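Protein chains in written order, with our numbering: chain F, 1 to 230; chain P, 231 to 460. Written below as structure tokens is the structure these notes are about.
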DNA sequence: TACCCTAATATTGTTGACAATCAGAGAAAA
DNA sequence: TTTTCTCTGATTGTCAACAATATTAGGGTA
């Protein structure tokens, strides 16, 4: 109700990104300018600018004169995302393990509690987002904003990839106990163990992907359209 | 003359980025919409969109109602850029050394010749750009477009950093023989040596920076304005 | 002379209308 | 019945005028 102040393009970006992170926006979904204008009560200029930024982050695809759709990363792109994540996150971990403080550990543990609470209260959307944000929180401890921003991009793309190729309804973006173990290793100052856990954790997620049967969401309509002939 | 086709915002971005890479656009330079419209013969809409993208890449800074200036990275940002570059470039090297082909080596050697030629013909701007592009060419061999794009950003920022804090007129972005040695190590398949050379090369550039005496370029006018009192 | 306040100018930000392009419906022909 | 063509509606792209804001120049006062 107090939303008098007009939203900026950054705000629109954040809202769209959050929806992607919570997997409430499926890959292939068409985003018309008009609909977003209505949803966020902003002008077309703002939406248009947001589109440009979202495209830069590989969250949407813009086709000339045909508008915006939520991106559908290819298997090759998925491979690159995980390769990049392993490189960046392990690189940041090396710094973090040297500089981490007790306060940081506490914050991470608080986050773990929030994850658990969301899962137990069956707030799946929130849980999915929190598991993604765990990695960002961890990364922030290394104090490199450039790598943080890059990793943020990668986490959003991971969400799209899992939505496309991930396991079914149970769809755990990050399986239960991995994060806790990682924090424990970090608290113990055991770098090589923490590193192994992190790599293993990411590789596990990647290994669970199934590229074979899925179709890009965007083609669903056309698939159904021809399905009635069979 | 055949430039009838209107330039897109990507084109404008590229042109501005190239100018930064060649250090023909100093940090702190004011970029008015109107002037860029005139230079590139495009509408304000296009320039404005280009600004948004350039801001995302940390190449310019946008201040509300005050327009765009070429970014002046702080010493802390410089530190983060080099930290990121070492992480990303060594990570990519690990992949490259496994997959590199003779054709790739040849392309790298061709590039080295081009660098040398530019230096000998005293085409400094071209030489500066080529030394930057060497790192991008090397990165492309690893076949990860996401990391490529990120590194591209970092290379542009490096150019700004060297312009601000780098050594004087001689200002070599990448000193003479380092690139050739790196290619030799790569051709020999000697990973640890290539890795050492790469890290050493980047650290050398960083070590040559001098943060103390420089002032942000943008303040030059005000500095001169008060200089006459002395 | 130095400082501050006010007015004029220039630059950026926003909105709306108009032009260009695309998707889908419907009709005509094979 | 199926295919193709055209036309209509809807969506995106572009531009120009207008509003808001910042910078600069000038005049007045201490």
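For glycine and all other residues, C-beta sits at the position ideal for the given N, C-alpha and C. Computed from a prediction, not measured in an experiment: that's the story for all the values here.
Checklist entry - Which chain F residues sit within Cβ distance under 9 Å of residue 362(P)? => result By one-based count along the second chain, residue 362(P) stands at place 132. Under the 9 Å cutoff, chain F gives no residues; its nearest Cβ is about 17 Å from residue 362(P).
Checklist entry - Which ranges would you report for the alpha helix (DSSP H) in the region 327-372 of chain P if only whole runs of at least 4 residues count? => result 332-350, 354-370
Next on the checklist: Which of the three DSSP states is assigned to residue 31(F) in this structure?
Outcome noted: The residue given as residue 31(F) occupies position 31 in the first chain. Three-state DSSP puts residue 31(F) in a strand.
Checklist entry - So with Cβ pairs under 8 Å, would you call residue 251(P) a contact of chain F? => result Counting from one through the second chain, the residue named residue 251(P) turns up at place 21. Chain F, which has no Cβ nearer than 8 Å to the Cβ of residue 251(P), makes this no.
Item to check | the region 331-350 of chain P / the region 409-416 of chain P touching (three or more Cβ pairs under 8 Å) | outcome: Segments in contact, yes.
Item to check | Residue from 281(P), 252(P), 287(P), 349(P) with nearest C-alpha to residue 149(F) | outcome: On the first chain, residue 149(F) is found 149 positions in, with the first residue counted as 1. The shortest C-alpha separation from residue 149(F) is found at 287(P).
Item to check | Closest Cα partner of residue 323(P) within the set 41(F), 87(F), 96(F), 98(F) | outcome: Along the second chain, one-based indexing puts residue 323(P) at 93. The shortest C-alpha separation from residue 323(P) is found at 87(F).
Checklist entry - Is it true that the region 298-311 of chain P meets the region 250-262 of chain P, where meeting means three or more beta-carbon pairs spaced less than 8 Å apart? => result yes
Checklist entry - Since residue 63(F) is in the alpha helix (DSSP H), which residue starts that stretch and which ends it? => result For the purposes of this step, residue 63(F) is taken as residue 63 along the first chain, with counting starting at 1. The continuous stretches of alpha helix (DSSP H) do not include residue 63(F), which lies in the beta strand (DSSP E) extending over residues 60-63.
Checklist entry - Thinking C-alpha only, which one of 127(F), 81(F), 134(F) is nearest residue 106(F)? => result Within the first chain, residue 106(F) is the residue found at index 106, counting from 1. When each option's Cα is compared against that of residue 106(F), the closest is 134(F).
Next on the checklist: I want to see whether chain F comes within less than 8 Å of residue 352(P), judged by CB atoms only; does it?
Outcome noted: Taking the second chain and counting its residues from 1, one reaches residue 352(P) at position 122. With 8 Å as the cut-off, residue 352(P) does not count as an interface residue toward chain F.
Item to check | Within 9 Å of chain F by C-beta, residues of the region 410-430 of chain P in sequence order | outcome: none
Checklist entry - Rounded C-beta distance between residue 146(F) and residue 314(P)? I'm assuming under 8 Å. => result The residue given as residue 146(F) occupies position 146 in the first chain. The residue given as residue 314(P) occupies position 84 in the second chain. In this structure, residue 146(F) and residue 314(P) form a Cβ contact; the two beta carbons are roughly 5 Å apart against a cut-off of 8 Å.
Checklist entry - What residues from chain F crowd round residue 300(P), counting only those whose CB sits closer than 7 Å? => result For this step, residue 300(P) is matched to residue 70 along the second chain. Simply none; closest approach about 18 Å.
Next on the checklist: Distance cutoff 8 Å, beta carbons only. Does residue 119(F) sit that close to anything in chain P?
Outcome noted: The residue you call residue 119(F) lines up with position 119 of the first chain. Cβ-Cβ to chain P under 8 Å: no for residue 119(F).
Item to check | When 352(P), 270(P), 345(P), 374(P) are compared against residue 361(P), the one with the closest alpha-carbon | outcome: For the purposes of this step, residue 361(P) is identified with residue 131 of the second chain, where counting begins at 1. It is 345(P) whose Cα lies nearest to the Cα of residue 361(P).
Checklist entry - Rounded to the nearest angstrom, how far is the Cβ of residue 242(P) from that of residue 276(P), given a contact under 8 Å? => result Start at 1 with the first residue of the second chain, and residue 242(P) comes out as number 12. Start at 1 with the first residue of the second chain, and residue 276(P) comes out as number 46. Yes, they are in contact, since the Cβ atoms of residue 242(P) and residue 276(P) sit about 6 Å apart, within 8 Å.
Checklist entry - chain F partners of residue 380(P), CB-CB under 7 Å? => result Taking the first residue of the second chain as 1, we reach residue 380(P) at position 150. In chain order: 150.
Checklist entry - Using 8 Å as the limit for Cβ to Cβ distance, is residue 84(F) near chain P? => result Counted from its first residue, the first chain places residue 84(F) at position 84. So, interface residue.
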